[in-house]
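Engineer: Just passing along the structure, written as structure tokens.
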Amino acid sequence: MQNPVTVEVTRGKLVESRHRGLGVVVDGDGKTVFSFGEADARVFPRSACKAMQALPLIESGAADAFGLSTSELALSCSSHSGEDAHVATAASILSKAGRDLSALECGAHWASDPTVLIHQARTIEKPTALHNNCSGKHSGFVCACVQAGFEVKGYIDYDHPLQQEIRGTMEVLTGSVIGQDACGTDGCSIPAYAVPLKGLAHGFAKMLTGNTLSAERAKASRRLMEACMAEPFYVAGTNRACTKLMQIAPGKIFAKTGAEGVFIAALPEQGLAMAVKCEDGTTRAAEAMIFALLSRYFEKGGEVHEKLLSMANKSMSNWNGMHVGDVRVTDAMFA
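Residue numbering for the sequence shown follows the working numbering, starting at 190 and increasing by one per position.
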């Protein structure tokens, strides 16, 4: 099955680039509400599944034992921009567990956002693991290990008890058996698992609705998703897509991006979750796809609907401010 062209990029009056994609919207029972492309294809969620990976932080009792704040819980699900507040919050999470950045095994990197990168270059000699976009998630891992009595060192390894727990959690949520054949290594060094795109969406629909989950897991899931919606800056950062989505409809959209063109979102009021994948891994196309898909579930012509469509279909300008083309979604998103 060939995935449809979902996003076009124009220059002048011509289409310069085309992106193919797959996507699906499901409810808490796993019923497909809308789909396009090969929705059952296996994909690596990458960072899109961080809220799933953060569940042991709540279920172990670590979040309460260490008194983590709402912003700290949001950061544990984040791919943050490395802004000062993100770095300080990751350090705070570790401090509450009696640890410091030496416990982190995610590696260090400079910010990818140019504005943040310039600020970092002016204020620090070099980045530490706290500046890594995954430092919030890893700080949460450290807390969960400390609370559960696991050895912290090596928490990124496939056979570490924490990673075994996360693997089992993802199997329950996605309905997919995860073995070595579906395992790779993520940018932050933890195991990355490939699951069917529909299973990924269903997992977030379960987290949203609590369907088929234990009362404890349903409560933990809601707590994490509500923390992200309450503190969207800590999920991504200034001018980032995840943050902007949750800011334009407070409490009505949960959103999380992943590398290589993956994006998930959930709608608490409708009890729906969705996942998209841009076949070629392009972020601009994945963002346009999730914006357009979300717009289907808000009142046509309403403020949120119009904002989402304007984000999905946007103009491009050159360095002189001249309009040169557009990014636009195709009819495949609205069939």
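Glycine included, every Cβ here is placed at the ideal spot set by N, Cα and C.
1. Determine the direct distance from the alpha carbon of L290 to that of S206, and round the result to whole angstroms.
2. Can at least three beta-carbon pairs, one atom from the region 255 to 270 and one from the region 411 to 421, be found at a separation below 8 Å?
3. Just to confirm before moving on: does the CB-CB distance between G217 and T358 stay below 8 Å?
4. Ends of the alpha helix (DSSP H) at S484?
5. State the Cα-Cα distance for the pair G256 and R517, rounded to the nearest angstrom.
6. Below 6 Å CB to CB, which residues in the same chain sit around F452 once its five sequence neighbours on both sides are set aside?
7. Who are the Cβ neighbours of Q336 in its own chain at under 7 Å, not counting the five residues just before and after it?
8. Less than 8 Å between the CB atoms is what I'm expecting for R235 and A448, so what's the real figure, rounded?
9. In terms of alpha-carbon separation, which member of F330, G388, E314, K315 lies closest to K285?
10. Under three-state DSSP, which class holds F422?
11. In whole angstroms, what separates the C-alpha of S504 from that of A274?
12. Check E294 in the structure and name its three-state DSSP category.
13. By alpha-carbon positions, which one of H308, G392, K342, G450 ends up nearest to T221?
14. Roughly how many angstroms separate the alpha carbons of G201 and G510, rounded to a whole number?
15. Contact defined as beta carbons within less than 8 Å: I believe L362 pairs with I247. What is the distance between those atoms, to the nearest angstrom?
16. Looking at the strands, I want to know which residues DSSP matches up with T199.
17. Let me check understanding here. Comparing Cα to Cα, which of T472, N502, Y347, H269 lies closest to G325?
18. Leaving out five residues before and five after H327 in sequence, what residues of the same chain have Cβ atoms less than 6 Å from its Cβ?
19. Determine the contact status of I367 and R356, defining contact as a CB-CB distance below 8 Å.
20. What does the alpha-carbon distance come out to for the pair P316 and D229?
21. Determine whether the beta carbon atoms of G364 and G338 lie at a separation below 8 Å.
22. What are the complete alpha helix (DSSP H) segments, minimum 4 residues, inside the region 302 to 348?
23. Out of G490, H494, F233, which one is the CA nearest neighbour of A438?
24. What is the DSSP secondary structure of K466, reduced to helix, strand or coil?
25. According to DSSP, is H512 helix, strand or coil?
26. Could you spell out where the alpha helix (DSSP H) holding T446 opens and where it closes?
Structural biologist: This is what the structure gives:
1. Near 43 Å, if we compare the C-alpha coordinates of L290 and S206.
2. yes
3. no
4. 472 to 484
5. 45 Å
6. T446, V465, A475, I479
7. S249, G250, A251, A254
8. 4 Å
9. F330
10. helix
11. In a straight line, the C-alpha of S504 is about 31 Å away from that of A274.
12. coil
13. Minimum Cα distance to T221 is reached at G392.
14. 15 Å
15. No, L362 and I247 are not in contact; Cβ-Cβ is about 14 Å, not under 8 Å.
16. V204
17. H269
18. L293, C295
19. R356 sits close to I367, with the two beta carbons spaced by under 8 Å.
20. 39 Å
21. no
22. 303 to 312, 324 to 337
23. H494
24. If DSSP states are grouped into helix, strand and coil, K466 belongs with the strands.
25. strand
26. Segment 443 to 447 is the beta strand (DSSP E) holding T446; no alpha helix (DSSP H) there.
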